[in-house]
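For the sequence shown, our numbering begins at 27 and goes up steadily by one.
For every residue, glycine included, the Cβ atom is placed at its ideal position computed from N, Cα and C.
Keep in mind it's a predicted model, so treat the numbers as computed, not measured.
The structure appears below as structure tokens.
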Amino acid sequence: MPLSASVLIDGPSELVFDYAIPDQLKVLPGCRVRIPLRNRPATGTVLRVHEAPEGDFALRYLTDLVDPEPLITPELLKLAEWITSYYGTPLEQVIRSIIPSSIRGEKGSSKTRRAALIDKPPSEEDLTILAKRAKRQHAILSLLTAASKPIPITELGGTSAASSLKSLTEKGWVKLIDLEVRRDPDSGETFVPTQPLTLNPEQDEVLQAVTKSLNSEEPPNPILLHGITGSGKTEVYLQSTQKALDLGKNIIVLVPEIALAPQTVQRFKARFSEMVDEIAVLHSNLSQGERFDEWHRIRSGKARIVIGARSAIFAPLPNLGLIIVDEEHEPAYKQENPPKYHARDLAVVRCRLEKCSVLLGSATPSLESYQNTLAGKYEIIRMNERADGASLPLTRVVDMRIESRKQKGRDAILSDVLRASIDQRLEANQQVILFLNRRGFARSLQCPPCGHVIQCNHCAIPLTYHRADERLVCHICGHQAIVPKLCPECHDPAIRFQGYGTEKAETIIRKVFPSAKVARLDTDTTRRKNALRDTLRDFRAKKINILLGTQMIAKGLDFPNVTLVGVLNADLSLYAPDFRAGERTFQLLTQVAGRAGRGAMAGEVIIQTATPHSPSIQFARHHDFEGFVDQELEMRRQFGYPPFTHLALLLARSSHERRAEFTLQTLHRKLAENLPDGITLGDPIPSPLTKSHSQFRFQLLLRGPNARALSRHLNKILSATPTPEDVIVTADLDAYDLG
Ligand code: ADP
Ligand code: ZN
């Protein structure tokens, strides 16, 4: 029985066909192969190797390997297999997402330029003659001799230099080659080199632990670095990276979102400035060509440090020594489409598979990781002091219910306390960050007489008013609508805006502080390429006094002149229908507060809320991570939530409400029959977001102590239960987004 390969054919149609493998070829998943397709030669990528189905004699043979080496390393293949068994996603689909289309295929293949270089240096005599008779040839020769490396022809005069170059090659002095050019996303940027700082004792302890881990014979336990904001985690990352490099090993650095981590990337490039060519940066803004080049640079071993967002965990870096996961608690590490992996968890798995070290860092570790330290699976090291000797900011909580009464009727956006404090900072020429986790102008349009709220036609959420273009916009599907003058239900003209977002806050702040320079950062203002980078640069250069933004500005930023952080409405994330709402709020508040007072001047944080006594707010106010975690873990234990269980979310959606509901009920019934021990099955309910993109959504939760057992049971039932064509059913293991 010959083996066969499922091959994903190059090209936009993404066809997958099976081919028999000739005996003499060693074909692995991830290999690029040549195949016959409708009698024409084509190329593709092997997704899976399996035994040819019996009796399938019609299978054609694949012709050849394009490259002997697969696009991914053998270790990554093991990681792919792990993902398949853990999340229950078919291997084909996993390989497909590990090797995205920009990396497969030939279209992205590397770009070359014709270039000239010295082949055999001419004699002194020849040179003197040339200098007299052929000035141009002489000039080119001197340039090439001085450069002692290939120079692209375009830089030698292009076509006008063609005849001179021809003569020079004919005489054997110069040869022409194809020079591979790297499409470098950061070309043109310059970095001021930095030297390692002398570590303080807390930082040194972490570095010692990482060093020990790097030198360990056994696969080491992951290290969780719980370091308060400003404790100098990045410096520890940098010096840990150096240690791994010294051992000849390579490093992956994961950040939640590269656009939000420009400072981290810059600090790596500045520290390792003499090897910038060996740093690869992977992020979603790369062009296809750039991504292709970066990937192949990594695969070929030319890059030694890879920095990227979650998918960089699949960087095919050989000889991996260390994976650093910055802000390990960030939900952005969870992939939303299948395979719905969590990059931090994959980092830990990859380290086990490749026997390398892993360093997870955060000021607010996830409860999952923290529980792993309590269970002895991870090592925990704390950094409780700010590295530059600054102290944590003083935090005040303002009760906005009282403010609203004072400011009668109007939306109270700025409390008196916050307003006075901003005034003070402006006077002292210090900077202010204001945080509001909702974009747009106002929350929604509501009619006071009848209570009607204008909703999206396709999603069950209110539309948000965007003043810049006088539109109502859905923040889920992007649907836009005209602002009505009368209530569409009762035709009353009293309809009015409720709540507020960053856009309205900006208008009011400009009005209250007319002399201040105000900038806003949210997804609306950062659509233009580099808008985020430019605003942050202006803020650093102190051309902006007040920076207002969504969670985009919550983390990672280090501006020494910021002495005040205001949280305009801390309640926005607190009342989401999600058992992690308290954790998210605590994390957000701690991270935002961490932006204040990072320089020599003391910082202050003012949190505005209508629920000043909520535990997340109070613990954040006192910078009390342990206190928060203790009570939160207790709650999770009582209710059987993660990290004490694993959880899987099963979602059925359809434009046909009844069919979605019925499908989920059917699945629920089948899941309930022969339910394995230890698994609890929740009732089918409408999702908290009952409708989105014109589709009705129903969901149920499964919980159990063992993730694999959960996904096995789910997948068994899912594959045995036919679902109507117009109903989409998805499963999400270790889900973060609970609908
Ligand atoms: P974190 O990532 O933990 O929030 P950073 O790495 O941004 O903290 O460090 C905060 C500040 O402290 C930075 O300005 C950094 O340059 C400085 N810093 C870090 N380590 C040291 C050190 N050992 N000595 C002096 N300053 C340091
Ligand atoms: Zn919508």
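May I ask whether a heavy atom of the ligand ADP can be found less than 7 angstroms away from the beta carbon of residue i?
i, result
"residue 413", "yes"
"residue 229", "yes"
"residue 183", "no"
"residue 787", "Outside the shown range of the chain, which is 27 to 765, sits residue 787, and nothing can be said about it."
"residue 260", "yes"
"residue 587", "no"
"residue 388", "no"
"residue 616", "no"
"residue 226", "yes"
"residue 621", "no"
"residue 417", "no"
"residue 255", "yes"
"residue 223", "yes"
"residue 408", "no"
"residue 679", "no"
"residue 566", "no"
"residue 553", "no"
"residue 64", "no"
"residue 684", "no"
"residue 624", "yes"
"residue 584", "yes"
Out of the options, state which residue places its alpha-carbon closest to the alpha-carbon of residue i.
i, options, result
"residue 390", "357, 299, 726", "357"
"residue 727", "674, 713, 737", "674"
"residue 472", "84, 514, 49", "514"
"residue 694", "659, 672, 741, 651", "741"
"residue 248", "372, 427, 119", "372"
"residue 325", "150, 748, 101", "101"
"residue 450", "723, 367, 542, 754", "542"
"residue 60", "53, 69, 331", "69"
"residue 277", "487, 545, 703, 266", "266"
"residue 28", "36, 39, 45", "45"
"residue 216", "159, 302, 66, 172", "302"
"residue 345", "352, 330, 351, 339", "330"
"residue 140", "119, 128, 169, 177", "177"
"residue 264", "219, 285, 283", "219"
"residue 718", "481, 160, 647", "481"
"residue 640", "273, 762, 597, 189", "597"
"residue 752", "702, 683, 691, 707", "683"
Are the CB atoms of residue j and residue i within a distance shorter than 8 angstroms?
i, j, result
"residue 254", "residue 410", "yes"
"residue 538", "residue 452", "no"
"residue 88", "residue 78", "no"
"residue 55", "residue 72", "yes"
"residue 484", "residue 500", "yes"
"residue 202", "residue 166", "no"
"residue 469", "residue 526", "yes"
"residue 493", "residue 529", "yes"
"residue 672", "residue 744", "no"
"residue 767", "residue 644", "Any property of residue 767 remains undetermined from this structure, which presents the chain solely from 27 to 765."
"residue 447", "residue 320", "no"
"residue 342", "residue 736", "no"
"residue 387", "residue 251", "yes"
"residue 566", "residue 256", "no"
"residue 359", "residue 109", "no"
Is there at least one Cβ from chain C nearer than 8 angstroms to residue i's Cβ?
i, result
"residue 47", "In summary, chain C is missing from the structure at hand, where a single protein chain is found."
Could you name each continuous beta strand (DSSP E) segment of 3 residues or more that falls completely within the segment 666–740, going from the start of the chain to the end? 672–680, 711–718, 721–730
Can you check the segment 499–561 for any beta strand (DSSP E) of at least 3 residues that lies completely inside it and give the ranges in chain order? 522–524, 544–547
Would you mind listing the beta strand (DSSP E) stretches within the segment 239–290 that are 3+ residues and don't spill past its ends, in chain order? 249–253, 276–280
Every unbroken alpha helix (DSSP H) within the segment 615–672, with a cutoff of 4 residues, ordered by chain: 641–647, 651–665
Unbroken alpha helix (DSSP H) runs of length 4 or more, entirely within the segment 118–200: which are they? 150–159, 161–173, 188–196
Which full runs of the alpha helix (DSSP H) of 4+ residues lie inside the segment 47–129, going along the chain? 100–113, 117–124
Enumerated in chain order, which unbroken segments of the alpha helix (DSSP H) with a length of 4 residues or greater are wholly contained in the segment 328–357? none
Every unbroken beta strand (DSSP E) within the segment 386–472, with a cutoff of 3 residues, ordered by chain: 405–409, 420–425, 457–461, 470–472
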